[in-house]
Amino acid sequence: TDDENQHDEL
Amino acid sequence: MNIFRLCGDMSHLAAIIILLLKMWKTRSVAGISGKSQILFATVFTARYLDLFTSFISIYNTCMKVFFIGTVYFTIYLIYMKFKATYDSNHDSFRVEFLIVPVGGLAFLVNHEFAPLEIIWTFSIYLESVAILPQLFMISKTGEAETITSHYLFALGSYRALYLCNWIYRYYAEGFFDLIAVVAGVVQTILYCDFFYLYITKVMKGKKISLPA
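Line by line, the protein sequences give chains U and S. FYI, the numbering for the first sequence is 3 to 12, going by the working numbering. FYI, the numbering for the second sequence is 1170 to 1381, going by the working numbering.
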């Protein structure tokens, strides 16, 4: 749920 | 999403499709390193665990599912369906020499000491060196089929395009992921030798063959 650790790349 | 990122992803997609078509049409996995494909399967599985924890976009989810699905299908073709054509004698790179140090490094150098984050970091580091068994195999046999060269060129271009994407994102969005960038630079450097051969030989209609 922590947005900071969301990786948006493949 | 920017043009570099999109081109990078399309290049990655093209690489996978080229490889599958080569194997399917020729009914052969000759010249393809099963070990590199197992490493890529490890990379995708580890990195895309976030399919279960976070949703980014339909595009993101579809690409992840496609990459995971196709890499396991590729492994099935190499080790089962077209096993007879698999050249295991030349696929002799010791992958433990990659997995162990990369695993250790992921523990030591990461953005956050949390399980999913360490696994993500592991996948980024492992991807940067996952092509080595394939390159080793080519150096051992001294040649690569032209279609295999196209595959490698597309696969190498993907991370090079991501480097452009990261430069763009740094200036446009202030986005900067040191781990991904350093690993991406390493990954791209490993292909440089191959890029040179591709441009000087394959683009002129010759196949890659190394002096014995």
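Just so you know, even glycine gets a beta-carbon here, dropped at the ideal spot from N, CA and C. Predicted, not measured: the structure shown is a model, and the values here were computed from it.
**Request:** Determine the burial state of Arg1383 of chain S: buried for a count of at least 16 other Cβ atoms within 10 Å of its Cβ, exposed for fewer.
**Result:** No information on residue 1383 of chain S is available, as it lies outside the stretch 1170 to 1381 that chain S covers here.
**Message:** Please return the same chain residues whose Cβ sits closer than 7 Å to the Cβ of Gln1119 of chain S, not counting the five positions on each side in sequence.
**Reply:** This structure cannot speak to residue 1119 of chain S, because chain S is shown only from 1170 to 1381.
**Prompt:** Is the Cβ-Cβ distance between Ala1210 of chain S and Ser1297 of chain S less than 7 Å?
**Reply:** no
**Item:** CB contact below 7 Å: Ile1186 of chain S versus chain U
**Value:** By this cut-off, Ile1186 of chain S is not an interface position.
**Asked** Of all the residues that make up the stretch 1229 to 1254 of chain S, which are near chain U by a beta-carbon distance shorter than 9 Å?
**Response** Per Cβ criterion, the list reads Asn1229, Met1232, Lys1233, Phe1236.
**Prompt:** How is Glu1312 of chain S classed by DSSP in three states: helix, strand or coil?
**Reply:** strand
**Asked** Whose CA, out of S:Phe1251, S:Tyr1228, S:Val1212, lies closest to the CA of Ile1237 of chain S?
**Response** S:Val1212
**Request:** Taking Phe1129 of chain S and Met1192 of chain S to be in contact with their CB atoms under 8 Å, please state how far apart those CB atoms are, rounded to whole angstroms.
**Result:** This structure cannot speak to residue 1129 of chain S, because chain S is shown only from 1170 to 1381.
**Request:** Could you tell me whether the Cβ of Asp1260 of chain S comes closer than 7 Å to any Cβ of chain U?
**Result:** no
**Request:** Return the chain-ordered list of same chain residues with a C-beta closer than 8 Å to the C-beta of Ser1113 of chain S, the five sequence neighbours on each side being excluded.
**Result:** Outside the shown range of chain S, which is 1170 to 1381, sits residue 1113 of chain S, and nothing can be said about it.
**Message:** Taking the straight line between their C-alpha atoms, what separation do you get for Leu1218 of chain S and Leu1267 of chain S?
**Reply:** Between Leu1218 of chain S and Leu1267 of chain S, the C-alpha separation is close to 21 Å.
**Request:** Over the uninterrupted alpha helix (DSSP H) stretch that includes Pro1270 of chain S, give me the two end residues.
**Result:** Segment 1265 to 1277, the alpha helix (DSSP H) holding Pro1270 of chain S.
**Inter-residue Cα distance where the pair is Trp1289 of chain S and Gly1177 of chain S** = 19 Å
**Prompt:** So which residues on chain U does Ser1223 of chain S lean against when the C-beta distance must stay under 7 Å?
**Reply:** Gln8
**Message:** Distance check for Lys1194 of chain S and Ala1253 of chain S, CA to CA, integer angstroms please.
**Reply:** Going by the C-alpha atoms only, they are around 16 Å apart.
**Asked** Does Asp1362 of chain S get closer than 7 Å to chain U when you measure Cβ to Cβ?
**Response** Answer no: the Cβ-Cβ gap between Asp1362 of chain S and chain U never drops below 7 Å.
**Message:** Quick check on Ser1202 of chain S: does DSSP put it in helix, strand or coil?
**Reply:** coil
**Strand pairing of Ser1378 of chain S, partner residues [DSSP]** = S:Glu1312
**Request:** Taking 8 Å as the threshold, find out whether the stretch 1308 to 1327 of chain S comes into contact with the stretch 1367 to 1381 of chain S through three or more Cβ pairs.
**Result:** Output reads yes: the stretch 1367 to 1381 of chain S touches the stretch 1308 to 1327 of chain S.
**Run of the alpha helix (DSSP H) containing Ile1186 of chain S, from where it starts to where it stops** = 1172 to 1195
**Message:** Taking its Cβ as the centre, do 16 or more other Cβ atoms sit within 10 Å of Arg1196 of chain S, making it buried, or is it exposed?
**Reply:** exposed
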